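Trainee: What follows is a structure written as structure tokens; I'll ask about it next.
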Amino acid sequence: MTSFSSGASLDALHSPSLDHETVLITRGNRSGLTISVAVHSTRLGSALGGARVWHYDSWLDAVDDSLRLSAGMTLKNAAAGLARGGGKSVVFIPNGTTLDAERKRLAMLDLGDAVESLGGSYQTAEDVGTSAADMAVVAERTAHVCGLPADRGGVGEPSDATAQGVFSSIVATLETVTGSPLLSGRRATISGLGQVGSRLARRLSEEGMSLIVTDVNPARRAFAEEIHASWIAPGDEHLFETDVFVPCGVGGALTHDVIAQLRCAAVVGAANNQFADADGAELLAERGILWAPDFIANAGGVIYLDMASKPGADRAAILGRVDDIGHTLKAVFRDAAARSVTTLAAAEKLAIDRLDAAQAPATSTEAAHHVRAARGVAATTGQFLQPA
Ligand SMILES: NC(=O)c1ccc[n+]([C@@H]2O[C@H](COP(=O)([O-])OP(=O)(O)OC[C@H]3O[C@@H](n4cnc5c(N)ncnc54)[C@H](O)[C@@H]3O)[C@@H](O)[C@H]2O)c1
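Shown next, in the form of structure tokens:
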């Protein structure tokens, strides 16, 4: 087991940042898989962020992903007003390797040990490639996990809340662009029909939007037909004229080429780390396309996990807080316009101001540098969270 703390040289690991508080890289002794648990910041509280099980070319890419994603969680949790720091864990599956159910279970036990070894500075949950059932396995080894199934006394998966927050973001963004919050008759293109994308697609369809959808998994075509959306093969979805482009797959979808070719008024999606390059936000702004910062728009899930895990959680209050994401976004859009900066810069400022307001050794300038440097770039049914 190898542990790196802030100040250790991560350059050798091709890290985008030296500013994480703790990075634990371990090879699980049951699964044999490399696991990276990155705690970017606990300035606002214990770190909260999901566990990703994903394929990469090398374990270094998986570590890089954990570093970027955990820094994004610092921004997300701060901007959402949560007393939570940023962390993330990634289980590396070598490309070409298939993880069967037994090895997945062993990997989750290994993850539980890794999380437990951090002594509560980081709490894990679901992310891409993991489910509430997986979190129940993690819970066999650590108490620092949330999002367990309801029949295990947990609060369940956060995707409903994430979809609800992205929906609220789409309404707020289109209202900013068009002056009207009405979705009926408008068009959306959704890339990625997984946990979040499918819930969102159903809801947008029910609201009368005309949808183009795609997924690298061809089996999702049946779902597209079920909600009367137009299915296209993945790869060219950004070439279609639409009101809002909605990335809901993995990160890095917004490459230079994609941004240059987009034919939409706005981009609002669930995917984390949507830009493939550091200048993505500037390029979108230059094209006059309004971008809803990912870590604001997709915060519904973490808001749900944080609030629902507390004793006496009030579902109506959680729902209200998730819906508030739309108001937060509008404030970000106003600030960006007033200061002639990108929406990314405005959203980062919102988060960094909250980090600065917390007791911390770092100065404002240092905090801004840490978060920006670490953020780097990438890599059911239609009813969402309902009041009881
Ligand atoms: N689940 C949550 O509550 C939550 C919260 C915050 C952020 N997010 C982010 O939202 C995104 C989606 O999360 P999810 O939980 O729905 O994941 P998921 O794994 O359930 O779904 C992702 C879907 O995207 C598809 N996909 C992957 N690459 C694609 C590509 N290049 N083009 C088209 N489709 C592609 C996959 O086949 C899958 O169907 C992820 O980036 C995740 O980090 C999710």
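Quick note: the working numbering has the sequence shown finishing at residue 426, numbered continuously throughout.
Think of the CB as a built atom: it goes at the ideal place given N, C-alpha and C, for glycine as much as any other residue.
Just so it is clear, the structure is predicted and the values come from calculations on it, not from any experiment.
(1) Any beta carbon of chain C sitting closer than 9 Å to that of V296?
(2) I need the boundaries of the beta strand (DSSP E) containing L62, first residue and last residue.
(3) Between the alpha carbons of A188 and A170, how many angstroms are there, rounded?
(4) Whole angstroms are fine: how far does the CA of L149 sit from the CA of I63?
(5) In angstroms, rounded to a whole number, what distance separates the CA positions of G350 and D317?
(6) Identify, in the order they occur along the chain, each residue of the same chain with its Cβ nearer than 6 Å to the Cβ of H408, setting aside the five sequence neighbours on each side.
(7) What separation, rounded to the nearest whole angstrom, lies between the Cα atoms of D361 and A330?
(8) Taking the beta strand (DSSP E) that T72 belongs to, which residues open and close that run?
(9) Per DSSP, what kind of secondary structure is E164 in: helix, strand or coil?
(10) Any heavy atom of ligand 1 within a distance shorter than 8 Å of the CB on D295?
(11) Since G88 and A163 should fall inside the 8 Å C-beta cutoff, what is the C-beta to C-beta distance between them, to a whole number of angstroms?
(12) Can you say whether Q299 is buried or exposed, counting buried as having 16 or more other CB atoms within 10 angstroms of its CB?
(13) Determine the direct distance from the alpha carbon of S84 to that of I334, and round the result to whole angstroms.
(14) Between which two residues does the beta strand (DSSP E) harbouring I130 extend?
(15) Beta-carbon separation of G110 and S79 under 9 Å?
(16) Taking just the CA atoms, how far does L212 sit from L357?
(17) Report the residue ranges of all alpha helix (DSSP H) runs contained in full by the stretch 249-323; include only those spanning at least 4 residues, in chain order.
(18) Which residues does DSSP pair with L86 in a beta bridge?
(19) In whole angstroms, what is the alpha-carbon distance linking L186 and A199?
(20) With burial defined as no fewer than 16 other Cβ atoms inside 10 Å of the residue's Cβ, what is the status of K348: buried or exposed?
(21) By the 10 Å Cβ neighbour count, where 16 or more other Cβ atoms means buried, how is A267 classified, buried or exposed?
(22) On the three-state DSSP scale, how would you describe S222?
(23) Say the cut is 8 Å; is the CB of G326 nearer than that to a heavy atom of ligand 1?
(24) What residues in its chain sit with their C-beta under 7 Å from that of I327, if we drop five residues either side in the sequence?
(25) Along the chain, where does the alpha helix (DSSP H) that runs through H365 open and close?
(26) When burial is assigned at 16 or more other CB atoms within 10 Å of the CB, is N255 buried or exposed?
(27) Return the residue from the list K387, A201, A271 and R179 that minimises the CA-CA distance to A308.
(28) Could you tell me which of D165, H93, N67 and L147 sits nearest to S108, measuring between CA atoms?
(29) Would the stretch 124-135 and the stretch 86-101 be scored as touching if the rule is three or more Cβ pairs under 8 Å?
(30) Does ligand 1 have even one heavy atom less than 8 Å from the beta-carbon of V234?
(31) What separation, rounded to the nearest whole angstrom, lies between the Cα atoms of E195 and A374?
(32) Once the 5 residues before and after R190 are set aside, which same chain residues still bring their CB inside 6 Å of it?
(33) Can you name, in chain order, every residue of its own chain whose Cβ lies under 8 Å from the Cβ of P272, other than the five neighbours on each side?
(34) When the Cα of L242 is compared with those of Q233, V204 and A145, which residue comes out closest?
Mentor: According to the structure shown:
(1) Chain labels in this structure do not include chain C; a single protein chain is all it has.
(2) To locate residue 62, count along the sequence shown from 1; it is residue 24. The continuous beta strand (DSSP E) containing L62 extends over residues T60 to R65.
(3) Numbered from 1 along the sequence shown, position 150 holds the residue referred to as residue 188. Numbered from 1 along the sequence shown, position 132 holds the residue referred to as residue 170. A188 and A170: Cα-Cα distance of roughly 9 Å.
(4) As a first step, residue 63 must be located in the sequence shown, where it is residue number 25. As a first step, residue 149 must be located in the sequence shown, where it is residue number 111. Distance from the CA atom of I63 to the CA atom of L149, rounded to whole angstroms, is 11 Å.
(5) One-based indexing of the sequence shown puts residue 350 at position 312. One-based indexing of the sequence shown puts residue 317 at position 279. Answer to the nearest angstrom: the Cα atoms are 43 Å apart.
(6) Your numbering for residue 408 matches position 370 in the sequence shown. Unreliable positioning characterises H408 in this predicted model, as indicated by a pLDDT of 42, which lies under 50. A coordinate reading is not provided.
(7) To locate residue 361, count along the sequence shown from 1; it is residue 323. To locate residue 330, count along the sequence shown from 1; it is residue 292. The alpha-carbon atoms of D361 and A330 are separated by roughly 15 Å.
(8) Your numbering for residue 72 matches position 34 in the sequence shown. In the DSSP annotation of this structure, the continuous segment of the beta strand (DSSP E) that includes T72 starts and ends at T72 to S79.
(9) For this step, residue 164 is matched to residue 126 along the sequence shown. Correct three-state label for E164: strand.
(10) As a first step, residue 295 must be located in the sequence shown, where it is residue number 257. With a cutoff of 8 Å, D295 does not count as near ligand 1, since its C-beta is closer than that to no heavy atom of the ligand.
(11) Your numbering for residue 88 matches position 50 in the sequence shown. Your numbering for residue 163 matches position 125 in the sequence shown. Their Cβ separation, rounded to whole angstroms, is 5 Å, which keeps G88 and A163 in contact under 8 Å.
(12) Here residue 299 refers to the residue found at position 261 of the sequence shown. Exposed, by the Cβ-count rule.
(13) On the sequence shown, residue 334 is found 296 positions in, with the first residue counted as 1. On the sequence shown, residue 84 is found 46 positions in, with the first residue counted as 1. If you take the alpha carbons of I334 and S84, they lie about 20 Å apart.
(14) To locate residue 130, count along the sequence shown from 1; it is residue 92. Here residue 130 is Phe; the residue named in the question, Ile, does not match the sequence. Unbroken beta strand (DSSP E) run through F130: G123 to P132.
(15) Your numbering for residue 110 matches position 72 in the sequence shown. Your numbering for residue 79 matches position 41 in the sequence shown. In this structure, S79 does not lie closer than 9 Å to G110 by Cβ.
(16) The residue given as residue 357 occupies position 319 in the sequence shown. The residue given as residue 212 occupies position 174 in the sequence shown. Between the alpha carbons of L357 and L212 lies a gap of roughly 21 Å.
(17) The stretch 249-323 is shown to contain whole alpha helix (DSSP H) runs of 4 or more residues at 259-264 and 294-299, in chain order.
(18) By 1-based counting over the sequence shown, the position of residue 86 is 48. The beta-bridge partner set that DSSP reports for L86 consists of G124 and Q161.
(19) What you label residue 186 is simply residue 148 of the sequence shown in a count that begins at 1. What you label residue 199 is simply residue 161 of the sequence shown in a count that begins at 1. Take the alpha-carbon of L186 and the one of A199: they are about 15 Å apart.
(20) Taking the sequence shown and counting its residues from 1, the one referred to as residue 348 is at position 310. The residue is exposed, with fewer than 16 neighbouring Cβ atoms inside 10 Å.
(21) Here residue 267 is taken as the residue at index 229 of the sequence shown, counted from 1. Counting Cβ neighbours within 10 Å, A267 comes out buried, since at least 16 surround it.
(22) For this step, residue 222 is matched to residue 184 along the sequence shown. For S222, the three-state secondary structure derived from DSSP is coil.
(23) On the sequence shown, residue 326 is found 288 positions in, with the first residue counted as 1. The answer is no for G326.
(24) Residue numbering aside, residue 327 sits at position 289 when the sequence shown is read from its first letter. Taken in chain order, the residues that qualify are L300, C302, A303, A304 and V305.
(25) If you number the sequence shown from 1, residue 365 lands on position 327. Residues I363 to R377.
(26) Stepping through the sequence shown from its first residue, residue 255 is reached at position 217. Around the beta carbon of N255, fewer than 16 other beta carbons lie within 10 angstroms, which makes this residue exposed.
(27) The residue you call residue 308 lines up with position 270 of the sequence shown. Considering only alpha carbons, the answer is A201.
(28) Here residue 108 refers to the residue found at position 70 of the sequence shown. It is D165 whose Cα lies nearest to the Cα of S108.
(29) Cβ pair count under 8 Å is three or more, so yes.
(30) As a working mapping, residue 234 is identified with position 196 in the sequence shown. Look at V234: its beta carbon is less than 8 Å from one of the heavy atoms in ligand 1.
(31) Mapped onto the sequence shown, residue 195 falls at position 157. Mapped onto the sequence shown, residue 374 falls at position 336. Cα to Cα, the separation comes out at about 33 Å.
(32) Position 152 of the sequence shown, counted from the first residue, corresponds to residue 190. Shown here for R190: same chain residues with a beta carbon closer than 6 Å to its own, the five before and five after excluded, namely A174 in chain order.
(33) Within the sequence shown, residue 272 is the residue found at index 234, counting from 1. Listed in chain order, the non-local C-beta contacts of P272 below 8 Å within the same chain comprise S229, T252, D253 and V254, local neighbours out to five positions each way being set aside.
(34) Within the sequence shown, numbered from 1, the residue matching residue 242 stands at position 204. Looking at the Cα atoms, V204 is the closest of the given residues.
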